Structure formats: C-alpha cells, structure tokens
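With the numbering used here as the guide, the letters of the sequence shown map in order to residues 182 to 518.
By construction, the Cβ of each residue, glycine as well, lies at the ideal position given by its N, Cα and C atoms.
Predicted, not measured: the structure shown is a model, and the values here were computed from it.
Here's the structure we're looking at; comments come further down.
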Amino acid sequence: MQDKTHLVDDITGHRRMRRNRKADWTRRLVRENQLTVDDLIWPIFIVPGSGIIDPIPAMPGVNRMSIDKAVEAAREAAGLGIPALATFPNIEMELRDETGSNSLEANNLINQATAAIKKAVPEIGVITDVALDPFTSHGHDGILRGGEIVNDETVDQVSRAAVMQADAGADIIAPSEMMDGRIGAIRRALDAAGHQSVGIMSYATKFASAFYGPYREAISTGGLLKGDKKTYYIDPANGTEAIRDAALDVEEGADMLMVKPGLPYLDICWRMKEAFGLPTFAYQVSGEYTQIKAAAMNGWIDGERAMLETLLSFKRAGCDGVLTYFAVEVAKILAKR
Numbered sequence: 182m183q184d185k186t187h188l189v190d191d192i193t194g195h196r197r198m199r200r201n202r203k204a205d206w207t208r209r210l211v212r213e214n215q216l217t218v219d220d221l222i223w224p225i226f227i228v229p230g231s232g233i234i235d236p237i238p239a240m241p242g243v244n245r246m247s248i249d250k251a252v253e254a255a256r257e258a259a260g261l262g263i264p265a266l267a268t269f270p271n272i273e274m275e276l277r278d279e280t281g282s283n284s285l286e287a288n289n290l291i292n293q294a295t296a297a298i299k300k301a302v303p304e305i306g307v308i309t310d311v312a313l314d315p316f317t318s319h320g321h322d323g324i325l326r327g328g329e330i331v332n333d334e335t336v337d338q339v340s341r342a343a344v345m346q347a348d349a350g351a352d353i354i355a356p357s358e359m360m361d362g363r364i365g366a367i368r369r370a371l372d373a374a375g376h377q378s379v380g381i382m383s384y385a386t387k388f389a390s391a392f393y394g395p396y397r398e399a400i401s402t403g404g405l406l407k408g409d410k411k412t413y414y415i416d417p418a419n420g421t422e423a424i425r426d427a428a429l430d431v432e433e434g435a436d437m438l439m440v441k442p443g444l445p446y447l448d449i450c451w452r453m454k455e456a457f458g459l460p461t462f463a464y465q466v467s468g469e470y471t472q473i474k475a476a477a478m479n480g481w482i483d484g485e486r487a488m489l490e491t492l493l494s495f496k497r498a499g500c501d502g503v504l505t506y507f508a509v510e511v512a513k514i515l516a517k518r
C-alpha cells in the first residue's frame, strides 16, 4: 500500500485539530458550551401609569413599560421559558430626593410591579435591585452627605428596602450600590423578617465603567448625576481587588455573584467562578447591547450572530447565566432550533 503520510502528519504527530471540525454533526458533538433559554435573565424598565410602552432612543428595541405592560411582558417571557426578570424603576422626578426616601415606600413603583408580576405570572422569577440611584435627586447609588456617599447609612436604608421588596414578592435581591457590608446586612434583615428563602445575587464586582450611559437614560438619572461613582465602584484596572470584593460578599452570605459589565470583564467572570464555585452571572449592560444594535442597524455587523456569539462567550468564561436586553430576541431564536 502506498504510504500517503504527509509532511503535516509528521509535524503534528498525526494530530489534526480539523478532524473534529469537518462537519456540522461533529462540531455539535464536541461543542463545549451551549447557550440555552435557561441562561437568560431579562432586565426591564418600569414607569408609572398604564398602557405605556415608551421606546428608549439609546437602546433600540428596548422600552420603558407601565406595570400592566410589564405583566404582559412577563407572560411572554415565561411562555418562552425565560427563568427570570430583573426590574428597574423610572419614578417621577418629584419623588426623588437626596436620600432616595421613596425606596422605603412599601407601595412604591418597583414593589407594585413585583406584586403585579408575581400575582399574574407566579412561575417567573423576579430579581430586584435596592440601589438608590433610581430614587435620588443626584443620581448616586447611595445617600449623599456633604459631597460624600455615606456607606453605613446607605447600608441601613438598602437593608430596609430589601425587606420591603421581599414583602412584595421579590425572589432574589440584587444589591448593586457597592457599599461595604451590604450583603451581610441585607441577609440579616431578610432573615429577621422571615425571608430566609429570598436569595441574594450580589453585584459582586461592579466596575466604574463607560458602558452604563444608555441605562442611565432609561431610568432618567444621566442628567442628575453630580460627580462620578469611582469612590464606590471598582477601578477597571483592578482584577485582584474585584476578587477580594467578591470574597467578602461570599463570606457575608451571597447566594449568587454577578459581574457588571460583562464583555470587558470576562477574565473576572472566569476568576470568580474558579475561586468561589458559586452560581456566577454577567450583566451584558446597556452600552454593550447598544453597540451591537447600532452596528447591526448600520449594516456593519451581523447583529444576530454577534448577539449570540457574545452571549456564548459568557458561558465559556464560566457564567451560569446572563442578564441581557437580548433575552426575548434570543429566546425566540433558540425556540426555532
């Protein structure tokens, strides 16, 4: 028999990586990571009123919704198999003040939305944030005193707000304000109120990022912000500090961890999953979403492929799921496969 060995066989030691790539069926057979509808959390924006679907110019395809429309959206999400929603309020300007006091109103917009969604669609999870930025007149995540975001007073307030959100039916509290000690304080407050089954998804590593702009438009805080958030968000240059921050949240009782933003911090996703083994999530934030949408609308990229590729990258980086504004769009695509 004629020896058909090629120089390439000698060079590679007869190991050819392309063998497993030669056909669709082999590629599917050896695929290491897969994106499914179970990986999706859909962030939505709530506004006062009824019958409102208000497009957000900086986030094409994303709307602010009144509670009745949010309930309809929750039904659609549940029908597609999306496990959970993350809700964010855009309250009236006259209700915002220096301390974000409306966060402590039991019947505020976010709690009304939670109660309505859980009543109408009990099978879908509701994740709520206790950060104060939607409630403050200055746009910061905490209480502003003498030009400083005060840590301990903010922790006291978000702990009380967390109990009210749990009372309204929230399944998971996701504190994003990055105050020291907040996870332990919220856990104690929830347990003392009898909410032992309510989980905490910590925004364990929230970076002082340039990718939040469209979100701030969505909740109408962009024009309010005085100064920046660098005294409490993590410096984008600091990976080790981010892991230390997450470690404290784990010690304080976080059930799940989140990295925000997502794509610029895939290394942090991987390091957190490897270090702690807790369920780990990434938030594909508004700026990430808008980049893909804007480029696709201009015909510069294949939007669907880019959307799916970026979401798959989170799975490859060790994430158990992703908060993404693409959730419904992706769920519909996956349902056809």
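(request) Tell me, please, which residues DSSP counts as bridged to Ile381. (result) Ile354
(message) Whole angstroms are fine: how far does the CA of Lys185 sit from the CA of Glu455?
(response) 45 angstroms
(request) Tell me whether the beta-carbon of Asp322 lies closer than 8 angstroms to the beta-carbon of Glu358. (result) yes
(message) Using 8 angstroms for Cβ pairs, my map puts Gly468 next to Gly394. What's the rounded Cβ distance?
(response) 6 angstroms
(message) Checking 8 angstroms against the spacing of the C-beta atoms, do Leu444 and Thr386 come in under that value?
(response) The criterion of a C-beta distance shorter than 8 angstroms is not satisfied by Leu444 and Thr386.
(message) Going by DSSP in three states, Phe462 sits in which element: helix, strand or coil?
(response) strand
(request) Leaving aside the five residues before and after Ala516 along the sequence, list all residues of the same chain whose C-beta is less than 8 angstroms from its C-beta, in chain order. (result) Val218, Leu261 and Gly262
(request) Give the DSSP-derived three-state secondary structure of Asn332 in the structure shown. (result) Secondary structure of Asn332 (DSSP, three-state): helix.
(request) Check whether the stretch 343-358 touches the stretch 377-385, counting contact only when three or more Cβ pairs, one atom from each stretch, lie closer than 8 angstroms. (result) Output reads yes: the stretch 377-385 touches the stretch 343-358.
(request) Grab me the residues of Ile308's own chain with a C-beta within less than 6 angstroms of its C-beta, minus the 5 sequence neighbours each way, in chain order. (result) Listed in chain order, the non-local C-beta contacts of Ile308 below 6 angstroms within the same chain comprise Ala265, Ala267, Ile353 and Ala355, local neighbours out to five positions each way being set aside.
(request) For Lys203, count neighbouring C-beta atoms within 10 Å of its own C-beta (all shown protein chains included) and say buried if the count is 16 or more, exposed if not. (result) exposed
(message) Using DSSP's beta-bridge definition, name the partner residues of Arg245.
(response) Phe226 and Asp235
(request) Compare the C-alpha of Leu447 against each of Gly458, Phe462, Ala435 and Arg425 and name the closest. (result) Between Leu447 and the set Gly458, Phe462, Ala435 and Arg425, the nearest pair of CA atoms involves Phe462.
(message) Taking the alpha carbon of Ala370 as the reference point, which residue from Asp361, Gly320, Val336 and Ala389 has its own alpha carbon closest?
(response) Val336
(message) Tell me which residue opens and which closes the beta strand (DSSP E) that Leu504 is part of.
(response) Gly502 to Thr505
(request) Using DSSP bridges, identify the partner residues of Met437. (result) Met382
(request) Note down, one range per segment and in chain order, each alpha helix (DSSP H) of at least 4 residues found wholly within the stretch 260-324. (result) 290-301
(request) Can you give me the start and stop residues for the alpha helix (DSSP H) that Tyr470 sits inside? (result) Here the alpha helix (DSSP H) through Tyr470 covers Ser467 to Met478.
(request) Report the three-state DSSP secondary structure of Ile415 (helix, strand or coil). (result) strand
(message) Quick check: Leu290 and Pro229, are their CB atoms within less than 8 angstroms of each other?
(response) yes
(request) Along the alpha helix (DSSP H) that carries Leu188, what are the first and last residues, could you check? (result) That run of the alpha helix (DSSP H) goes Leu188 to Thr193.
(request) Could you tell me the boundaries of the alpha helix (DSSP H) in which Gly443 lies? (result) Here Gly443 belongs to no alpha helix (DSSP H), and DSSP marks it neither H nor E.
(message) Would Met488 and Val511 be called neighbours here (beta carbons separated by less than 8 angstroms)?
(response) Yes, the pair counts as a contact, with Cβ atoms nearer than the cut-off.
(request) From the DSSP output, in three-state form, read off Arg518 for me. (result) coil
(message) What does DSSP give as the partner residue(s) for Leu221 in the beta ladder?
(response) Val503
(request) Measure the C-alpha to C-alpha separation of Ile298 and Ile424 and round it to an integer number of angstroms. (result) 35 angstroms
(request) Return the bridge partner residues of Arg208 from the DSSP annotation. (result) Partner residues in a beta bridge of Arg208, as assigned by DSSP, do not exist.
(message) Rounding to the nearest angstrom, what Cα-Cα distance links Pro442 and Gln293 in this structure?
(response) 28 angstroms
(request) Throw me the rounded Cβ distance for the Met240 and Ala399 pair, which I believe falls under 8 angstroms. (result) 6 angstroms
(request) Could you name the residues of the same chain whose beta carbon sits closer than 6 angstroms to that of Gln465, not counting the 5 residues immediately before and after it, in chain order? (result) Gly443, Val503 and Thr505
(request) Output the boundary residues of the alpha helix (DSSP H) element that contains Tyr396. (result) Gly394 to Ala399
(request) Rounded to whole angstroms, what's the CA-CA distance from Gly365 to Asp191? Just pull it up for me. (result) Taking the straight line joining both Cα atoms gives about 59 angstroms.
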